[in-house]
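Trainee: Be aware that the sequence shown starts at 1, since it is given in UniProt numbering, and climbs by one per residue. Quick reminder that beta carbons are idealized off the backbone N, C-alpha and C, glycines included.
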Amino acid sequence: MIDNFYPKGKKTILGAKVALNPGIDAMDWVWLPRVFKGAKFIFIKRNQKDTYASYYHADKDSVRGIVTERVYSPMAAWIWGSFFDFWKHNQARAMIINYDKMIDNPLEEISRIWPFLGVTAPPDEVITSMIKTPENTAGKELAYRKMEFGKKAKDEPEEEIRRIEQEAHE
């Protein structure tokens, strides 16, 4: 799903988001370089427990329902493997960013992206002012589910994970 088009002079920068849909076998990724000729791709790999928690909260009340983490885990591993395979064969056009590292040190991770895209990085102060932290989002409505900044699923107690899985069976 294409999120945004940003015309920048003669270049167009696309923002795309691909979410897991087990009903669609799109993990071969060979279509990406064919459809988006000359594009570069940045995959953000997130901790599997975090991904499952988000999936659970987003779909728990949907008609389609959810699968248990036990079922979800092999799918997540398959998706990660497909990202890695795509990157391995397209290293000049693909980059993998680790979500946990982005949370822990956003400036450093974002700084890796500029050279990959071949653009001049803005000053660190500009980037820092754009990073969503509790300090720069105070009093603003956020467009995503509010979570404690920097909290990762691996930080949650095992009983919380068991509760989520139990709710999935109900």
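(1) Give the secondary structure of Ile66 by DSSP, where H, G and I count as helix, E and B as strand, and everything else as coil.
(2) Note down, one range per segment and in chain order, each alpha helix (DSSP H) of at least 4 residues found wholly within the stretch 98–134.
(3) Assign Phe43 to one of three DSSP states: helix, strand, or coil.
(4) Got a sec? Which residues, its chain only, sit under 7 Å from Gln48 by beta carbon, not counting five neighbours each side?
(5) Hey, how far is the Cα of Phe43 from the Cα of Asp85?
(6) Tell me which residues share the same chain as Met102 and place their Cβ nearer than 6 Å to its Cβ, disregarding the 5 neighbours each side in the sequence.
(7) So, does the CB of Glu125 fall closer than 9 Å to a CB anywhere in chain D?
(8) With a threshold of 6 Å on Cβ separation, who are the neighbours of Gly23 within its own chain once the five nearest residues in sequence on each side are excluded?
(9) Lys49 lies in the alpha helix (DSSP H); which residues open and close that run?
(10) Work out the CA separation of Phe116 and Val126 for me, nearest whole Å.
(11) What are the boundary residues of the alpha helix (DSSP H) that Arg34 is part of?
(12) Compute the Euclidean distance between the alpha carbons of His89 and Ile96, then round it to the nearest angstrom.
Mentor: In terms of the structure at hand:
(1) Coil.
(2) Here the runs fully enclosed are 99–104, 106–117 and 124–130.
(3) If DSSP states are grouped into helix, strand and coil, Phe43 belongs with the strands.
(4) Answer for Gln48: Ser73 and Ala76, listed in chain order.
(5) Each residue's alpha carbon lies about 12 Å from the other.
(6) Within the same chain, and ignoring the five residues on either side of Met102 in sequence, the residues whose Cβ sits closer than 6 Å to its Cβ are Glu109.
(7) In the displayed structure, chain D is absent; only one protein chain is listed.
(8) Interpretation of Gly23 is limited by its pLDDT of 37, a score under 50 that renders its predicted location unreliable; no figure is taken from the coordinates.
(9) Where Lys49 is concerned, the enclosing alpha helix (DSSP H) stretches over Gln48 to Asp59.
(10) In this structure, the alpha-carbon of Val126 lies about 19 Å from that of Phe116.
(11) Its alpha helix (DSSP H) spans residues Trp31 to Val35.
(12) Going by the C-alpha atoms only, they are around 13 Å apart.
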